[in-house]
Amino acid sequence: MNNLKLEAALNELLSPHLIKDYCPNGLQVEGKTQVKKIITGVTACQALIERAIEEKADALLVHHGFFWKGEPAEIRGMKFRRIKALIENGINLYAYHLPLDVHPELGNNAKLAQMLELEVIGGLEDGNPRSVAMYGQLDKAITGAELASRLSIGLHREPLHIGDNAPTDIKTVGWCTGGGQDYIDLAAQKGLDAFISGEISERTVHTARELGIHYFAAGHHATERYGVKALGEWLAQEHQFDVTFIDIDNPV
Numbered sequence: 001m002n003n004l005k006l007e008a009a010l011n012e013l014l015s016p017h018l019i020k021d022y023c024p025n026g027l028q029v030e031g032k033t034q035v036k037k038i039i040t041g042v043t044a045c046q047a048l049i050e051r052a053i054e055e056k057a058d059a060l061l062v063h064h065g066f067f068w069k070g071e072p073a074e075i076r077g078m079k080f081r082r083i084k085a086l087i088e089n090g091i092n093l094y095a096y097h098l099p100l101d102v103h104p105e106l107g108n109n110a111k112l113a114q115m116l117e118l119e120v121i122g123g124l125e126d127g128n129p130r131s132v133a134m135y136g137q138l139d140k141a142i143t144g145a146e147l148a149s150r151l152s153i154g155l156h157r158e159p160l161h162i163g164d165n166a167p168t169d170i171k172t173v174g175w176c177t178g179g180g181q182d183y184i185d186l187a188a189q190k191g192l193d194a195f196i197s198g199e200i201s202e203r204t205v206h207t208a209r210e211l212g213i214h215y216f217a218a219g220h221h222a223t224e225r226y227g228v229k230a231l232g233e234w235l236a237q238e239h240q241f242d243v244t245f246i247d248i249d250n251p252v
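Residue 66 in full-length UniProt numbering sits at position 66 of the sequence shown; the count goes up by one each step and never skips.
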């Protein structure tokens with residue numbers, strides 16, 4: 001498929017024009033015109049780019065790409081080396097950030113809900129149809145230890161659990177993959193029993209304790225593996241691309 005037609009197909013699926021983001025979504029670095037082989041991964045780091053080169057990929061599709069709001073505009077150092085490697089090898093770089101978080105079937109939040117067997121009720125941000133944070137419920141109440149175990153098994157990583165002053169049983173849960181720890185306040189306002197995100201800040205611990213809600217920091221990378229993986233699988237099924245997901249280990 002033509003590289004620009006591939007971008008159009010992804011844009012049609014993910015509707016990036018409907019959400020305000022911190023980076024450009026779509027084709028960030030243009031490579032060869034025809035795309036057959038695609039490597040998917042979480043972040044366009046040098047290690048993933050090198051793997052894409054080894055695999056002779058025509059395109060790299062990631063959740064975390066380049067050109068973030070507020071970063072230096074100069075192309076030098078680490079950014080230069082990454083972009084140089086892509087251009088020299090004709091590899092197209094496609095990146096989808098928040099549009100991939102919120103997609104109702106393939107998104108990171110949707111995949112985490114499926115993994116934890118959560119029924120999605122809606123967005124945590126009232127009045128925002130593209131809410132990045134979600135909430136829902138389990139079919140039956142479980143303990144904090146049981147939810148931590150589900151996260152550990154599904155994500156292959158032990159979560160950090162703060163539950164000092166929280167209810168014994170967990171039935172209602174809010175979540176936002178990646179760096180969504182500050183949505184904990186909205187989760188508590190809705191009276192939810194627990195909130196899950198990838199990261200944790202120092203203040204998050206005090207908020208969880210004082211608002212009486214369980215908080216699980218399950219890993220930014222770990223919670224965001226599955227959206228881009230699912231997107232690659234969709235491309236393989238719907239458009240017959242040769243797609244391989246490569247997981248570059250990241251303990252955060």
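Virtual Cβ for every residue (Gly too), placed ideally from N, Cα, C.
Query, Result
"At a cut of 8 Å, does the region 121-132 reach the region 196-205 through at least three beta carbon pairs?", "no"
"Tell whether a beta-carbon distance below 8 Å holds between His63 and Gly227.", "yes"
"Any Cβ of chain B within less than 8 Å of the Cβ of Pro129?", "Although the question refers to chain B, the structure presented lacks it and comprises just one protein chain."
"Within 10 Å of its beta-carbon, does Leu86 have 16 or more other beta-carbons around it, so buried, or fewer, so exposed?", "buried"
"Can you tell me whether Lys20 is helix, strand or coil according to DSSP?", "coil"
"Based on the DSSP secondary-structure assignment, which residues constitute the bridge partners of Ser197?", "Cys176, Ala217"
"Please classify Asp249 as buried or exposed, where buried requires at least 16 other C-beta atoms within 10 Å of its C-beta.", "exposed"
"Could you check what DSSP says for Glu119 in three-state terms: helix, strand or coil?", "strand"
"Three or more C-beta pairs closer than 8 Å, one from the region 178-192 and one from the region 142-161: is that the case here?", "no"
"Leaving out five residues before and five after Leu186 in sequence, what residues of the same chain have Cβ atoms less than 6 Å from its Cβ?", "Leu124"
"To test your reading of the DSSP string, which unbroken alpha helix (DSSP H) runs of 4 or more residues are found completely within the region 55-143?", "77-88, 98-102, 108-116"
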